[in-house]
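Student:
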Amino acid sequence: MTTLEPATDAAQDNLAALESEAIHIFREVAGEFDRPVILFSGGKDSTLLLHLAIKAFWPAPVPFPLLHVDTGHNFDEVLEFRDRVVERHGLRLVVAKVQDWIDDGRLEERADGIRNPLQTTPLLETISDNKYDAVFGGGRRDEERARAKERIFSLRNAFGQWEPKRQRPELWNLYNGRHRAGEQVRVFPLSNWTEADVWNYIARENVDLPSIYYAHKREVYKRDGMWLAEGPWGGPKPGEEVKELTVRYRTVGDGSCTGAVESTASTVDEVIAEVSASRLTERGATRADDRLSEAAMEDRKREGYF
Amino acid sequence: MSSLLRLATAGSVDDGKSTLVGRLLFDTKSVLADQLDAVTRASVDRGLSTPDLSLLVDGLRSEREQGITIDVAYRYFATPKRSFVLADTPGHVQYTRNTVTGASTAQLAVLLVDARKGVIEQTRRHAAVLALLGVPNLVLAVNKIDLVGYDEATFTVIAEEFAAHAASLGYPRGSVLSIPVSALRGDNVAAPSEQTPWYSGPTLLEHLETVPVAPDPHDAAFRFPVQYVIRPRTPEYPDYRGYAGQIAAGTIRPGDEVVVLPRGLRTKIERIDTADGPLQEAGAGSSVTVLLADDLDISRGDLIAAADRRPTVTDEITATLCWLSSKPLVPGSKLLVKHGAKTVQALVQEITARFDEQTLSSVDGPDSLELNDIGRVILRTSEEIPVDDYGTSPRTGAFLVIDPKDGDTLAAGMVGKRFA
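In order, the protein sequences belong to chains A and B.
Sequential numbering from 116 applies to the first sequence in the numbering used here.
Sequential numbering from 1023 applies to the second sequence in the numbering used here.
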């Protein structure tokens, strides 16, 4: 046996406390639900979610499959990363492709080409087809005002909708997972983490992330104040000038509406320094879909989005 | 690593709570440029001349439309000295429900009053709920002090009345502090005010940064609700059998004598596992996996406890309930009780008293408990469960009352807790 360090006092160590809380939440769901699933896109929050799930059940394998709602507007690096992680940990991945819904007419492409809002229908139908009763998401309360009001165990009605006025009180660390047939519970183990906590923990645990979170050269063009990259979702319109810049991504979502930030941060420590000094929130800096209205996120959540 | 303070705010409608929270976020530079831009734009749209900081925290459309806060919201801010998790609880209808939610995890609560109105019914009620939940530190923020001309006498009257009320609830003097503030103007929130030269105490932020937070007592009796049994059955770990959970109280070391409840099987801790390797010792709040010396039949819902300091194993529980539902509680109701990782059926044998938070007295034998009522009940459970007094071991003295029909959370329960 190796030399053992004395245990740190969880209350004195913010990251240890957050980790312990998330592990507790994963185990509660494993104990109370029949068919949980982890929403996994390969982005940093869902990668962290999976990292914590692995720790929660070690040395046993994670007892849940992963679900990726694929908008078809992916960054290659993220898809490769997703598949590598699934392979490495011997996990089962279910992919719901927005393209399939568009192809058979259940969904219609939007005029602006943004597909993030189109994720809701494939998500809800896949949850219902597979009878998933608990769905883990990487949402954090510090991300957005409507998210700040969400419970860790968030009950959704039979239509997958969030009803903010009907949320259950959440007391102590006792989570109420009761639900009626057809209802589902969205579970957010990272609720109490901030963006800084996420990065500090990634550094502490040496969590592997897709390369696009770190500085790299990329051809980008400016639209609505954001640096967008060319991809299967389209490219610059006439008059939008393409430049090669050193950039990184602070969030990873649908390529058509996720912007890059100019950055030279190529290591975790440099990213932490950059995030600490930033005067913009990560969603504000990089997500066109959140800028649609004052209540864009609330409206999407009410429809069944995460 | 800076330490963490969990706090809750409470106050009634129009006391300026959202503005105070917005001010704390703003003054700790926790508000980023795009958020402030959005607030400034929305404030201009509403015809205001300065940014309305309450818009930073009122997250739902109906909240912004009505200018009120509807639901508990969680806020995160940090200074070089501490990180803060703030549960912002609204003050109007269902206020007890929201206050109980926010207070259940809080180490400190900030109560707001309007300096023009002083201590009102809801202030007393909130303080009683905070005392009942065992929140150890209180701050009374006497807000809108600018609207009473920064008058010292007005502040002193309010502060003394509140201190007397808090003392009657069992708060020692040192655990209660009153501060004259103007959330709108920022007086005494993060920066000392020049308008209150008569006030020599700390600003609100200074107090939050420095108030001593009692760590979980190390001498508490060990309590470990088993959440999940880890059995990999892989070639590498064919016979591994670990009990996963979060330590609810006390500390544990390999070799410690424990008892598995409710059946009372005795064994020893063989090993404390985590994904990062085994531990020599683990304390309250840690999520670990425990391996035992003997091969016992243990499952989710069992409690592993210190062998020499056992909880009470009983099927009759005397408890205080904060009733959080609009469906009233009547004797004879059949409910579910979630305690630790165990959910059992329960029958309400008797409602022995209802607490009157205004007079701090109790009314015997009420017919029912209604939304926001606090009452004492005797519950009969379908099987024996191991419980502690909430005042001694909150995590194993707390339970949820759940509606078996629709799964709603009906009440916060505290074993053996007397009214303050």
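All C-beta atoms in this analysis are idealised placements derived from N, C-alpha and C, irrespective of residue type, glycine included.
1) Beta strand (DSSP E) containing Ser1034/B: first to last residue?
2) From the DSSP output, in three-state form, read off His166/A for me.
3) Where does the unbroken alpha helix (DSSP H) through Val1043/B begin, and where does it stop?
4) With a cut-off of 7 Å, does the C-beta of Thr1431/B fall near any C-beta of chain A?
5) Hey, quick one: how far does the beta strand (DSSP E) through Arg319/A stretch, first residue to last?
6) What is the DSSP secondary structure of Ala1100/B, reduced to helix, strand or coil?
7) Just the C-alpha distance for Ala1186/B and Leu270/A, rounded to the nearest angstrom, thanks.
8) Please report the residue range of the beta strand (DSSP E) in which Ser1200/B lies.
9) According to the neighbour-count rule (16 or more other Cβ atoms, all chains shown, within 10 Å of its Cβ), is Arg1245/B buried or exposed?
10) Please determine if the segment 183-203 of chain A and the segment 148-160 of chain A are in contact, where contact requires at least 3 C-beta pairs separated by less than 8 Å.
11) Taking the beta strand (DSSP E) that Arg1293/B belongs to, which residues open and close that run?
12) Could you tell me which chain A residues have their CB closer than 9 Å to the CB of Gly1286/B, listed as they occur along the chain?
13) Name the chain B residues whose beta carbon is nearer than 7 Å to that of Ala175/A?
14) Just reading off the beta strand (DSSP E) that Gly1419/B is part of, what are its end residues?
15) Are any of the Cβ atoms in chain B nearer than 7 Å to that of Leu289/A?
16) Cα separation between Ala1327/B and Ala1128/B?
17) Which residues of chain A have a Cβ atom closer than 7 Å to the Cβ of Ala1266/B, listed in chain order?
18) Classify Ser391/A as buried or exposed, calling it buried when 16 or more other Cβ atoms lie within 10 Å of its own Cβ.
19) How many angstroms separate the CA atom of Arg266/A from the CA atom of Ile317/A?
20) Considering only DSSP beta bridges, list what Phe181/A is partnered with.
21) Grouping DSSP H, G and I as helix and E and B as strand, with all else coil, what is Thr1118/B?
22) Just by C-beta distance, which residues in the segment 285-312 of chain A are closer than 9 Å to chain B?
23) Kindly indicate which residue of Arg1288/B, Leu1108/B, Pro1388/B, Thr1403/B has the alpha-carbon position closest to the one of Thr1123/B.
24) Arg1063/B: buried (16+ other C-beta within 10 angstroms of its C-beta) or exposed?
25) Just to confirm before moving on: does the CB-CB distance between Leu233/A and Val213/A stay below 7 Å?
26) Secondary structure at Gly187/A, three-state DSSP: helix, strand or coil?
27) Out of Lys1356/B, Gly1362/B, Phe1184/B, Trp1345/B, which has the shortest C-alpha to C-alpha gap to Ala1375/B?
28) Between Gly146/A and chain B, is there a C-beta pair that is closer than 7 Å?
29) Is the CB of Leu1029/B under 7 Å away from at least one CB in chain A?
30) Does DSSP put Asp1059/B in a helix, a strand or coil?
31) Return the chain-ordered list of same chain residues with a C-beta closer than 7 Å to the C-beta of Ala1125/B, the five sequence neighbours on each side being excluded.
32) With respect to the beta strand (DSSP E) encompassing Gly1267/B, which residues constitute its N-terminal and C-terminal limits?
33) Name the chain A residues whose beta carbon is nearer than 8 Å to that of Asp1093/B?
34) Taking 7 Å as the CB-CB limit, is Arg1104/B close to chain A?
35) Identify whether Leu407/A lies in helix, strand or coil by the three-state DSSP scheme.
36) Mind listing the chain A neighbours of Gln1371/B? Cutoff is C-beta to C-beta under 9 Å, in chain order.
Tutor: Walking through what the data contain:
1) Unbroken run through Ser1034/B: none, as it is neither H nor E.
2) Correct three-state label for His166/A: helix.
3) 1039-1049
4) yes
5) First-last for Arg319/A: 310-320, but that is the alpha helix (DSSP H), not the beta strand (DSSP E).
6) strand
7) 42 Å
8) That run of the beta strand (DSSP E) goes 1198-1202.
9) buried
10) yes
11) 1287-1295
12) The contacting residues do not exist; Gly1286/B stays about 23 Å from chain A at best.
13) Ile1252, Arg1253, Pro1254
14) Element bounds for Gly1419/B: not the beta strand (DSSP E) but the alpha helix (DSSP H), 1416-1419.
15) yes
16) 25 Å
17) Arg142
18) exposed
19) 24 Å
20) Here residue 181/A is Leu; the residue named in the question, Phe, does not match the sequence. Bridge partners of Leu181/A: Ile153/A, Leu208/A.
21) helix
22) Glu285, Leu286, Trp287, Asn288, Leu289, Tyr290, Asn291, Gly292, Arg293, His294, Arg295, Glu298, Ser306, Asn307, Trp308, Thr309, Ala311, Asp312
23) Leu1108/B
24) exposed
25) yes
26) coil
27) Trp1345/B
28) yes
29) Chain A contact via Cβ: absent.
30) Asp1059/B falls in the helix class under three-state DSSP.
31) Ala1030, Ala1131, Val1151, Leu1152, Leu1155, Val1157
32) Start and end: 1264-1268.
33) Lys264, Pro279, Lys280, Gln282
34) No, its Cβ sits nowhere closer than 7 Å to a Cβ of chain A.
35) Residue placement at Leu407/A is flagged as unreliable, the pLDDT there being 47, under the threshold of 50; a coordinate-derived value is accordingly withheld.
36) Residues of chain A passing the Cβ test: none, with the nearest at roughly 23 Å.
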